Every structure is written in C-alpha cells, then in structure tokens.
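Undergrad:
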C-alpha cells in the first residue's frame, strides 16, 4: 500500500517572492515550444533539457527515440523530461550513486527548479521513492501543482529566481552546488586525484624564449662535456725537508 505524501511547510525562498523581473544576461533563458520558429530552435530546446537534467550529455547518453517523438509533435516537453529522468543514464549517474535523500534533493532541484525546503520534504519524497519506485516518484513530481503552474507541458525546467537585483551575486547553480557523486562514492571511486597520462608541457612567453646566440642554448652542451680535472696532489708534511729549503744565511 502506497503511503500518501507527508505534509511539509515551505520556507521563504527566492522563487516564492514576487518581484518585477528586469530582463538581462543573468536572467534564465526560457525554452518552450510555444514560440518555436524553426527546427534549429527545437534542437536548442533539446540541448537545454539535457543540460538541465544531465548537466552534460555525451553521444552515448542521448535518447534518439525521445528526441524524435518531441520533434514530430508526438510528445510534449514534459514527456521528454520524464523520459530523461527514467533513462538508464540518469539512474546510473544519480540514483545508483546516492542515497534516497540526496536523490530526492537533486530531482527537486532539476525538476522543480528550487532547493528543498527542509529535511521533512526530503523524508516525504524519499518515502514515495521507497514505496512507488523511481517511476512513481517521477510521475508524482511532474504531476504536482508546483511543476504544472511554473513549467506546464511545454517549458523546460530551469532554476527559478537565481539572481536577485538587490544582491551583487546570485545563488550558485545546482550542478555546482550539488554534484552527482556524493562524498562516500567519491572516496570509493578514488577521486578527486590527479592522474597525468601525458607529458606535462610548460608555456614560455615569446619574450623569454632564447634566441640564436643566447648563452643559455649552450648550457646543456657545456654540462654534457664534463671535463676531467687534474687531482690536487696531497703532500705530507713529514716528507718535506725544511732544512734544505731554508736559504743560507
């Protein structure tokens, strides 16, 4: 029997504060199918969805079937987001490498575009993951009033109200604040660590590069000669005839 979602009280966050938005470079760009003009715009929207869910998608991580359905109008942006959340890549990268609490936190950030309100919200959604599985959790998250009111069926989720005009710096992006690997799995995988697979190359400015006739070009050649010097003779004081060396007075 599936348990109902526990109640949790929202706290004051940036996205819950109504304000007049001034367009600018720092404001999030909204990708939606409501104002697409060309097929290139659809490709840009798909890339934005990959960045929002995966942060970066390699060729192996892409979902050609889901992309084709979206391009042909057989599915909505919300269906495409659902397919990415239930894909093998997302399961291996986020669900298998984190606890249920951290998995819930990352899904709320990527799907609802905000941070979790409290630990109680993590517990509430973690119970849904434990009782309904990933599919039930994703469906309930996408069917929530918060998602439908902010993004609907045709808009790619984004981080809401990351920048406030009353502050010099906005909130950190979710992909920087919440990496997909937890500290436990980072230690198990043995990183971060520096592994040099190629020769380390150094850059020298052009004005510091030795030119023809520079003595530094012949320093290595001079060191390679290594000439042998004559050893200093060691004379014992007992073998010196002082009387014969003293001049006659």
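Residue numbers (the numbering used here): 3 to 251.
Quick reminder that beta carbons are idealized off the backbone N, C-alpha and C, glycines included.
If you're wondering where the values come from, they're calculated on a predicted model, not measured in any experiment.
Taking the alpha-carbon of residue 164 as reference, which of 206, 114, 76 has the nearest alpha-carbon?
TA: Ranking 206, 114, 76 by Cα distance to residue 164 puts 114 first.
Undergrad: In terms of DSSP beta bridges, what is residue 157 paired with?
TA: DSSP output for residue 157 lists 34 as bridge partner(s).
Undergrad: According to DSSP, simplified to helix, strand and coil, what is residue 212?
TA: Note: residue 212 maps to coil in three-state DSSP.
Undergrad: Quick check on the burial criterion: 16 or more other C-beta atoms within 10 angstroms. Buried or exposed for residue 126?
TA: So residue 126 counts as buried.
Undergrad: Could you tell me if residue 117 is buried or exposed, where buried requires 16 or more neighbouring beta carbons within 10 angstroms of its beta carbon?
TA: So residue 117 counts as buried.
Undergrad: Please work out which residues of its chain come closer than 6 Å, Cβ to Cβ, to residue 122, disregarding the five sequence neighbours upstream and downstream, and give them in chain order.
TA: 10.
Undergrad: Compute the distance between the beta-carbons of residue 137 and residue 79, then report whether it is under 8 Å.
TA: No. Outside cutoff.
Undergrad: Can you round the beta-carbon distance between residue 83 and residue 159 to whole angstroms, since I take them to be within the 8 Å contact cut?
TA: The pair is a contact, with the Cβ atoms about 7 Å apart (cut-off 8 Å).
Undergrad: What residue from 61, 94, 37, 109 has the CA that sits closest to residue 54's CA?
TA: Closest by alpha carbon: 109.
Undergrad: Please list, in chain order, all residues of the same chain as residue 89 whose beta carbon is under 7 Å from its beta carbon, the five residues on each side excluded.
TA: Within the same chain, residue 89 has close Cβ partners 65.
Undergrad: Indicate the three-state DSSP secondary structure (helix, strand or coil) for residue 145 in the structure shown.
TA: Note: residue 145 maps to coil in three-state DSSP.
Undergrad: Return no unless some Cβ of chain C is closer than 8 Å to the Cβ of residue 48.
TA: Considering every chain present, this structure includes no chain C. It has just one protein chain.
Undergrad: Do you know whose CA, among 120, 207, 34, lies nearest residue 13's CA?
TA: Of the candidates 120, 207, 34, the one whose C-alpha sits nearest the C-alpha of residue 13 is 120.
Undergrad: Along the alpha helix (DSSP H) that carries residue 42, what are the first and last residues, could you check?
TA: Per DSSP, residue 42 belongs to the alpha helix (DSSP H) from 41–55.
Undergrad: Under 8 Å by Cβ, that's how I've got residue 111 and residue 180 pegged, so tell me the actual separation to the nearest angstrom.
TA: Confirmed, Cβ separation roughly 6 Å.
Undergrad: So, residue 105 versus residue 92, is the Cβ gap smaller than 8 Å?
TA: Taking 8 Å as the Cβ cut-off, residue 105 and residue 92 do not qualify as a contacting pair.
Undergrad: Determine the DSSP secondary structure at residue 29, reduced to helix, strand or coil.
TA: The answer is coil: DSSP assigns residue 29 none of H, G, I, E or B.
Undergrad: Grouping DSSP H, G and I as helix and E and B as strand, with all else coil, what is residue 222?
TA: Three-state DSSP puts residue 222 in a helix.
Undergrad: Confirm, please, whether the CB-CB distance from residue 124 to residue 182 is below 8 Å.
TA: Contact: no.
Undergrad: For residue 152 and residue 33, what's the separation of their Cα atoms in angstroms?
TA: Their backbone Cα atoms lie some 13 Å apart in a straight line.
Undergrad: Under the three-state reduction of DSSP, which class applies to residue 7: helix, strand or coil?
TA: Looking at residue 7 - three-state DSSP - the assignment turns out to be coil, as it is neither helix nor strand.
Undergrad: Can you list the alpha helix (DSSP H) stretches of 4 or more residues lying completely in the segment 94–153, in chain order?
TA: Counting only runs of 4 or more, we get 102–109, 121–144, 147–152.
Undergrad: Can you tell me where the alpha helix (DSSP H) holding residue 79 begins and where it ends?
TA: It spans 79–87 - the alpha helix (DSSP H) in which residue 79 sits, taken as one unbroken run.
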